[in-house]
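Student: Residue numbers (my numbering): 5 to 106.
1. The beta strand (DSSP E) with residue 77 in it runs from where to where?
2. Quick check on this structure: which residue in 94, 106, 63 and 54 has the alpha carbon closest to the alpha carbon of residue 28?
3. Let me check understanding here. Comparing Cα to Cα, which of 10, 30, 9 and 75 lies closest to residue 18?
4. Please report the distance separating the alpha-carbon of residue 76 from that of residue 32.
5. Going by DSSP, which residues form a beta bridge with residue 65?
Pasting the structure below:
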């Protein structure tokens with residue numbers, strides 16, 4: 005595990021989720037579904053998010069449907085637990101979504 009990544013306790017996760025509306029914690033991951041115009045809008049969003057994920061070596065599970073994306077975040081290199089990096093990634097997803105939706 006990278007030294008700059010910290011596994012969060014369930015209490016810490018629940019506390020942090022207060023700042024992330026509609027994100028859920030289940031099965032050792034945080035998740036949220038985002039709605040888009042259509043399939044191409046979904047793909048464009050993922051393309052905008054990809055450089056952040058690659059730069060931070062944090063790659064969420066991404067489930068693409070016609071007009072929505074479900075993101076599931078956890079770190080596999082720490083046994084599938086939620087870390088501070090998951091919340092950093094969730095924050096970037098939210099930031100980019102607000103920009104895309106105007």
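The beta-carbon is built from N, C-alpha and C at its ideal position, and this holds for glycine as well.
None of these values were measured; they are calculated from a predicted model.
Tutor: Once the coordinates are examined:
1. 72 to 77
2. 94
3. 30
4. 10 Å
5. 76
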